[in-house]
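Data block below; observations after.
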Amino acid sequence: IIAIGQAHYERFKTLDTVAAAKYELAQDTLSRGGHVTVHAQTLEFAASRKIYEAHKDHFTVVGEAAASDLVISSVTQTKDGLIVEITWKGQDCTLKAPLYGVQHGGNIALAFACAAELGLAPEDIIIALSRCPQITHRLEVKPYPEDGLLIDDAFNSNPKGFAAALELLPVLKREGGRTILITPGMVELGEAHDAEHTKIGELAAKTCTIVLAVAAERIPTFVSAYRAGAPEGQILTFAHFKDAEAWLGANRKPGDVVLIENDLPDLYERIPQL
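Note that my numbering has the sequence shown beginning at 348, numbered continuously upward.
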């Protein structure tokens, strides 16, 4: 279990409920005599903590605290991927994977822990991770013509993943090139919608030269936060994703890095035309 976050917050209403729902997986696994590997962050809630306290011997906890079974010392994003420094059973290991987004640092460490618990040798896990393929449409970095890059994060988005995608832009930025964000924002955040979009807008103001906002009327706090934080930045609004893509096709320049962040709401919130 990798995280308790605000994805699907609209339905679950509270993070405590999200934790309880996710830890149904742990309960089922434990009832079958299985073993559970979790990130320490998921144990910050009463429901998950109660299950953990009752079954500690059947848990592997991955986190930054020294008390964790697998300790994450650092996560570094480079142009070539992630470098994760860990300590496992007294052994220091360096994990490298051609993946993007610092949130995957914890995922890589969790994958290592799961594989190790299944009996694989650390050196074999390290080799396997170094060959890990990118995940389609989830912070997938692809070459664009004329020394450009496309960061395809179309199948996201939650606040943590969106932030990680924005933080990747300065890492991959080309000299003299622009950083362009295409997004309709996030969905299923419920009461957290406006606040989370304000935070993302503030971060976009620090990392994006141009923002192409799709269906901007549903993310007004994002738009206002970007404008306030980047008075010299450019934000354009479009009714549909295809319109933003058409603008990009006509205006993209050599060396631009383009981030597509979540193309879901354009389909998610319009009336189907049959």
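Glycine included, C-beta positions come from ideal geometry on N, C-alpha and C.
Remember, it's a predicted structure, so these values are computed and weren't measured experimentally.
- Under the DSSP assignment, K489 falls in the beta strand (DSSP E) whose first and last residues are E487 to Y491.
- Rounded to whole angstroms, T407 and T389 show a C-alpha spacing of 12 Å.
- Taken atom to atom, the span from the alpha-carbon of H544 to that of C479 is near 32 Å.
- Inclusion of I349 and L457 in the CB contact set at 8 Å is warranted, their separation being smaller than that value.
- Per DSSP, the unbroken beta strand (DSSP E) holding G410 starts and ends at F406 to G410.
- Secondary structure at D439: strand, using DSSP grouped into helix, strand and coil.
- T384 and C440 do not touch by the CB rule: their CB atoms are close to 16 Å apart, not below 8 Å.
- In this model, A394 and L372 are separated by some 12 Å (Cα to Cα).
- Non-local C-beta neighbours of V431 in its own chain, meaning closer than 7 Å and more than five positions away in sequence, comprise I419, V422, L442, G452, I455 and A456, ordered along the chain.
- Around the beta carbon of E608, 16 or more other beta carbons lie within 10 angstroms, which makes this residue buried.
- In this structure, DSSP gives D427 a state outside helix and strand, which the three-state scheme calls coil.
- Bridge partners of S421 according to DSSP: E432.
- Using a Cβ distance threshold of 8 Å, L528 and L559 count as a contacting pair.
- Across the structure, A577 and A501 are spaced so that their CA atoms are roughly 24 Å apart.
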